[in-house]
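S.K.: Under our numbering, read the sequence shown as residues 433 to 607, first letter to last.
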Amino acid sequence: MMSNNIWAPWRISYLKGLEEDVRSGHDGEQCFLCDYLNDQPENDRKNLLLHRGEYAMVVMNGYPYSAGHLLIAPKDHIGELQDIADHVMLEVVKLTRYYQLVLKEVITPHGFNIGINLGRCAGAGLPGHLHQHIVPRWDGDTNFMSTVGDTRTISQSLLELYDELKEAEKKILFK
433 MMSNNIWAPW
443 RISYLKGLEE
453 DVRSGHDGEQ
463 CFLCDYLNDQ
473 PENDRKNLLL
483 HRGEYAMVVM
493 NGYPYSAGHL
503 LIAPKDHIGE
513 LQDIADHVML
523 EVVKLTRYYQ
533 LVLKEVITPH
543 GFNIGINLGR
553 CAGAGLPGHL
563 HQHIVPRWDG
573 DTNFMSTVGD
583 TRTISQSLLE
593 LYDELKEAEK
603 KILFK
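#1: At 4 residues or longer, what runs of the alpha helix (DSSP H) sit wholly inside the segment 480–549?
#2: Roughly how many angstroms separate the alpha carbons of Gln-532 and His-501, rounded to a whole number?
#3: In the DSSP output, which residue or residues are listed as bridge partners for Gln-564?
#4: Taking 8 Å as the cut-off, does the segment 505–519 touch the segment 532–545 (at least 3 CB pairs, one atom from each stretch)?
#5: Determine the burial state of His-563: buried for a count of at least 16 other Cβ atoms within 10 Å of its Cβ, exposed for fewer.
#6: For Gly-557, count neighbouring C-beta atoms within 10 Å of its own C-beta (all shown protein chains included) and say buried if the count is 16 or more, exposed if not.
#7: Compute the beta-carbon to beta-carbon distance between Lys-598 and Leu-482, rounded to the nearest angstrom, for a pair I have assumed lies under 8 Å.
#8: Can you list, in chain order, the residues of its chain with a C-beta nearer than 8 Å to that of Ser-466? Leave out the 5 residues immediately preceding and following it.
#9: What does the alpha-carbon distance come out to for the pair Val-567 and Met-492?
#10: Less than 8 Å separating the beta-carbons of Leu-480 and Leu-590?
#11: Are there 16 or more other CB atoms within 10 angstroms of the CB of Glu-601, so buried, or fewer, so exposed?
#12: May I ask you to report which of helix, strand or coil DSSP gives Lys-602?
#13: Quick one: is Ala-499 buried, meaning 16 or more other Cβ sit within 10 Å of its Cβ, or exposed?
#14: Comparing C-alpha positions only, which one of Tyr-594, Gly-511 and Gly-572 sits nearest to Cys-609?
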């Protein structure tokens, strides 16, 4: 019986480097979420920073899986769930609920994937700053392009969608 494995032995040095980063206590990357938060509010549109809350923020993913892919993150650079205070987690969940409604209003998806990737091996591209994803989905969306061509098809510019989401925020009450 033939195996369907793909062998990529050149990746072992990369993987060992990731293990070393974990042992040394850093993720080896600069934190764009902290950078955006520390930037001037007049740059929020350029940074795709939709909302600055009391304890959390909402950022459009600059490399989205689908149109409207958002990240909701604590303002503090926290990498583990057990390190987040309850009042911060409550704001993250409330912002998730609110922006799901905003996305429904603007781009009318059929469903959503909402979740947190903990650790680089679980898909966390920025493991040092925990963030929750809201990924809008549509019927028939099978991620064919991502799977076969390592390409994503995004139907709208990020800044155009940013402007539409900011406008919709005014229509939907935040509780």
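C-beta: ideal position from N, C-alpha, C; glycine also.
Values in this document were obtained by computation on a predicted structure and should not be read as measured data.
M.R.: Considering the structure as presented:
#1: The qualifying runs are 518–539.
#2: Between Gln-532 and His-501, the C-alpha separation is close to 10 Å.
#3: Ile-504 and Ile-548
#4: no
#5: buried
#6: exposed
#7: Sure, about 7 Å apart at Cβ, within 8 Å.
#8: One point to set straight first is that residue 466 is Cys, not Ser, in the sequence displayed. So the qualifying residues of the chain are His-509 and His-561.
#9: 10 Å
#10: yes
#11: buried
#12: coil
#13: buried
#14: This structure gives no information on residue 609, because the portion of the chain shown stretches from 433 to 607.
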